[in-house]
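Below you'll find the structure, written out as structure tokens, and then a few comments.
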Amino acid sequence: MTIISNVNTNDSEYKALLAEAIRLLESGEHEAALKHLRHLNPTEMDGGGNALLGLAFFRNESYEMAAKYYEAALKTQPDSDEWRDMLARARANMVAEIQRPVPPIHFFERDTLLAPAVNTQKKLPEPLQPGTPPAIIKRIRYMLGNSIGIIATGIMNGMTLLWGTLAGYRDRIWTNWYRRGIFLGILTLAYMRECLNKNNLRTTYPADKLVGFQPKNQKPPDGVTHFRTADGTWNNLADPKEGAAGTRFQRNVANTAILPESDDRLMTPNPREISRLLLTRSESMKEIPFLNLLAAAWIQFQNHDWISHGENVSWEYHKIPLSEHDPARTKYRQTHMYVPKTQPDPTHTAGNEQTPITFINEVTHWWDGSQIYGSDQKTADFLRSGMEGKLRINKDGTLPINNDGIEETGFTRNWWVGLAMLHNLFVREHNAICDHLKSAYPAWSDDRLYNVARLINAAVIAKIHSVEWTPAILPNRCLDIALNANWFGILTNLFRSRRNRKTVADINVRNPELGGVVGNPIDKHNSPYGLTEEFVEVYRMHSLLPESLTLRTISGQRPVETISIAETRQAGSSKITQRMALADLFYSFGKMHPGQLVLNNYPKFMQEMSIPGNPLFDLGAVDLLRARERGVPRYNEFRRQLGLNPINAFEDLTDNKAHVRTIRSLYGNDVELLDLMIGTLAEGHRPTAFGFGETMFQIFMLNATRRLQADRFYTDDYNPQVYTQEGLAWIDTTDFKTVLLRHYPELGQTGLANINNAFEPWDTEMPLDPERHPLHSLY
Numbered sequence: 001m002t003i004i005s006n007v008n009t010n011d012s013e014y015k016a017l018l019a020e021a022i023r024l025l026e027s028g029e030h031e032a033a034l035k036h037l038r039h040l041n042p043t044e045m046d047g048g049g050n051a052l053l054g055l056a057f058f059r060n061e062s063y064e065m066a067a068k069y070y071e072a073a074l075k076t077q078p079d080s081d082e083w084r085d086m087l088a089r090a091r092a093n094m095v096a097e098i099q100r101p102v103p104p105i106h107f108f109e110r111d112t113l114l115a116p117a118v119n120t121q122k123k124l125p126e127p128l129q130p131g132t133p134p135a136i137i138k139r140i141r142y143m144l145g146n147s148i149g150i151i152a153t154g155i156m157n158g159m160t161l162l163w164g165t166l167a168g169y170r171d172r173i174w175t176n177w178y179r180r181g182i183f184l185g186i187l188t189l190a191y192m193r194e195c196l197n198k199n200n201l202r203t204t205y206p207a208d209k210l211v212g213f214q215p216k217n218q219k220p221p222d223g224v225t226h227f228r229t230a231d232g233t234w235n236n237l238a239d240p241k242e243g244a245a246g247t248r249f250q251r252n253v254a255n256t257a258i259l260p261e262s263d264d265r266l267m268t269p270n271p272r273e274i275s276r277l278l279l280t281r282s283e284s285m286k287e288i289p290f291l292n293l294l295a296a297a298w299i300q301f302q303n304h305d306w307i308s309h310g311e312n313v314s315w316e317y318h319k320i321p322l323s324e325h326d327p328a329r330t331k332y333r334q335t336h337m338y339v340p341k342t343q344p345d346p347t348h349t350a351g352n353e354q355t356p357i358t359f360i361n362e363v364t365h366w367w368d369g370s371q372i373y374g375s376d377q378k379t380a381d382f383l384r385s386g387m388e389g390k391l392r393i394n395k396d397g398t399l400p401i402n403n404d405g406i407e408e409t410g411f412t413r414n415w416w417v418g419l420a421m422l423h424n425l426f427v428r429e430h431n432a433i434c435d436h437l438k439s440a441y442p443a444w445s446d447d448r449l450y451n452v453a454r455l456i457n458a459a460v461i462a463k464i465h466s467v468e469w470t471p472a473i474l475p476n477r478c479l480d481i482a483l484n485a486n487w488f489g490i491l492t493n494l495f496r497s498r499r500n501r502k503t504v505a506d507i508n509v510r511n512p513e514l515g516g517v518v519g520n521p522i523d524k525h526n527s528p529y530g531l532t533e534e535f536v537e538v539y540r541m542h543s544l545l546p547e548s549l550t551l552r553t554i555s556g557q558r559p560v561e562t563i564s565i566a567e568t569r570q571a572g573s574s575k576i577t578q579r580m581a582l583a584d585l586f587y588s589f590g591k592m593h594p595g596q597l598v599l600n601n602y603p604k605f606m607q608e609m610s611i612p613g614n615p616l617f618d619l620g621a622v623d624l625l626r627a628r629e630r631g632v633p634r635y636n637e638f639r640r641q642l643g644l645n646p647i648n649a650f651e652d653l654t655d656n657k658a659h660v661r662t663i664r665s666l667y668g669n670d671v672e673l674l675d676l677m678i679g680t681l682a683e684g685h686r687p688t689a690f691g692f693g694e695t696m697f698q699i700f701m702l703n704a705t706r707r708l709q710a711d712r713f714y715t716d717d718y719n720p721q722v723y724t725q726e727g728l729a730w731i732d733t734t735d736f737k738t739v740l741l742r743h744y745p746e747l748g749q750t751g752l753a754n755i756n757n758a759f760e761p762w763d764t765e766m767p768l769d770p771e772r773h774p775l776h777s778l779y
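Residue numbers (UniProt numbering): 1 to 779.
Structural data, given as structure tokens:
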């Protein structure tokens, strides 16, 4: 390559060379632009030339070289905020090694998705031999619980239907359950949930087919009656792929409301413009004062157990235009942002099915801890130690690191240090459960210890989410009682303190309200279980994340350090956990707050983030695009479909006049165009103490119960024969605080010791501020 020397940065040849490089970049020919610019001698270029060469390297995902040239540019023009910002982004991407695909790229294959479930499983342990028949007193208690349950179910169903029919649950637009007192509020919530169960559970498979188009009358393999499988098959012995990895997302709206958008409609209004004007965070993040940052990491940890559309296709893109006044247009020399399309469902036959479009879930739909254990047998086997049922872990208690610098665990997409912390924690919890079971059953094999410990660990996680995380983000007293009743039952809540509650009571009333969903009969409400596209959309909670982390040590002997979250992604995560104790990281998160789920509070780093293969990616715009692409109704129709009243004007949505003006500038006066995510973030009319609005809550309310009630291992088989008596006791006595202190006892020296719910701020000042600890008085 010929290097042009003795460059005069003011002459026309130099300027023409830079102009040609800009043209190539704007036309998407970034490799050609880089080749073109490398004819120049870098030592003789001015700041603009160095910055342009830095951008060419950035667009080619050569982030180390990009940083080098932005550094050179800033030496000549140190006051350029744009170049300084690009230098920070390049450095963060370099630390995170963001150009590496994580996990390795793979796509769904039709033959694999349609393969019989019977052929997918490693042999599970034989079920334990039944013990001695229960004593007469236990049989009497069982019959008493059954009898009370039959009577109570009739009474509760009748009361719920009568009250809901007479009183309703809506005013002109918004719901009103939270203004009715605790008893009537809970009764109203029960009625709303029953309406959703009746009207909004819709399968995406043809009515005459099993889930995954499986052949009928397959014989269940040995062991599936008592243990979860790696890929989620055989939870339902009669419909073996129900809820399994590689099956379709279901829907919560009618097929007539599923209208996947394309062409002009897909880009109306422009999702990048919506992101810039309605999502961009102001200089300071609006914080949730009653939560700590573990709550933000936790919900992503849960999402990775439940939902993933897998790899997006790399050969087809949506092109989002960047407007003339979009700073990214000149900053990145791009006229469009390119968004890979969602991977299609290879089992869907267009025109021959009632559901217009379907998509595949990469992970199991069940609440089974698959983010830790994996959603396929190969991953599950790889993560095991082969000894005493345990998962592999380093001597220092951290997870092993693979060749890409990523922790080895069941699910690693969208990886960052917050996820690494929770994966480390619950792998330790699994191994501690194995030790507990081994002490009680010393003759058990590695396989049996692993499988029973997995059941217990998954239930601990489900319980923490049900009775701790959800009340923490929605600290409404009525809802707290309802959520605890979901797990334990109203009677247990009434007659036992929080610290002495048993999920399966001595007299277990077989009614989901009085006796709790867990440990009572399964109920799928006549629809095969599976999480839904609508469920995916309401869990877009990126506004919870701050721009940076403030890292502290428990001892206080190291200075406080601030690090951008972008630097903690992918390989950046292990670089932090290898130099900082996990206990200190948990302490740091316990002292930080997440962001409010409101407009103009979206993380800025996510609006100009880089992902493997794509240096410029506005996740806010993509959040909007995905709902349109996948046929999820826009805000008003979404509300109608879920039994809520639509808004008639943007003023109905919020009293914030500035927000209304901006919304109208983008959507005109057409309330039917309003995007689901924008509408939910804008909702100013929220139930008392809610961290988000009622539209999202409809989906939460439906699925908070269904995730448990449709799963055999939380209902019919939540018993000592499957979990062991020791396992049930472990679940009953464990909460998030217990898990943290069990594995990091030094956290007892922090504010964690003062609080009951570990998702609340870890404050040391006593007495605790009720504004920051609204649920504390309930413990």
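Beta carbons: idealized from backbone N, C-alpha and C, even for Gly.
Anticipated Cβ contact below 8 Å, residue i with residue j, distance rounded
| i | j | result |
| --- | --- | --- |
| residue 653 | residue 682 | 5 Å |
| residue 519 | residue 532 | Between residue 532 and residue 519 the Cβ distance is about 26 Å, and since that is not below 8 Å, they are no contact. |
| residue 534 | residue 292 | Not a contact, Cβ separation roughly 29 Å. |
| residue 711 | residue 366 | 6 Å |
| residue 671 | residue 650 | 6 Å |
| residue 472 | residue 759 | 4 Å |
Where residue i sits in the DSSP three-state scheme
| i | result |
| --- | --- |
| residue 319 | strand |
| residue 304 | helix |
| residue 360 | strand |
| residue 578 | coil |
| residue 237 | coil |
| residue 247 | strand |
| residue 165 | helix |
| residue 780 | Only positions 1 to 779 of the chain appear in the structure, and residue 780 is not among them; the question remains open. |
| residue 562 | strand |
Identity of the residue in the options nearest residue i by Cα
| i | options | result |
| --- | --- | --- |
| residue 702 | 194, 31, 418, 545 | 194 |
| residue 486 | 279, 58, 706, 434 | 706 |
| residue 421 | 298, 48, 333, 84 | 298 |
| residue 197 | 476, 26, 525 | 525 |
| residue 153 | 716, 624, 517 | 517 |
| residue 323 | 314, 192, 244, 334 | 334 |
| residue 437 | 455, 423, 564 | 455 |
| residue 583 | 752, 393, 213 | 752 |
| residue 529 | 161, 416, 204 | 204 |
| residue 614 | 100, 51, 676, 415 | 100 |
| residue 719 | 225, 159, 209, 73 | 225 |
| residue 411 | 305, 564, 272 | 305 |
| residue 48 | 66, 772, 77, 232 | 77 |
| residue 757 | 743, 746, 772 | 772 |
| residue 310 | 743, 108, 761 | 108 |
Assigned exposure category for residue i - 16 Cβ within 10 Å defines buried
| i | result |
| --- | --- |
| residue 207 | exposed |
| residue 41 | exposed |
| residue 62 | buried |
| residue 171 | exposed |
| residue 588 | buried |
| residue 234 | buried |
| residue 155 | exposed |
| residue 661 | exposed |
| residue 106 | exposed |
| residue 433 | buried |
| residue 11 | exposed |
| residue 315 | exposed |
| residue 269 | buried |
| residue 354 | exposed |
| residue 370 | buried |
| residue 764 | exposed |
| residue 481 | buried |
Write down every uninterrupted run of the beta strand (DSSP E) in the segment 480-510 whose length is 3 residues or greater and which is fully enclosed by it, in chain order.
-> Secondary structure remark: continuous beta strand (DSSP E) runs of at least 3 residues inside the segment 480-510: none found.
Taking only runs that begin and end inside the segment 355-415, name each unbroken alpha helix (DSSP H) of 4 or more residues, in chain order.
-> 370-373, 377-383
Sequence ranges, alpha helix (DSSP H) only - wholly within the segment 642-685, length at least 4 = Uninterrupted alpha helix (DSSP H) stretches at least 4 residues long and entirely within the segment 642-685 occur at 650-653, 657-667, 676-682, given in chain order.
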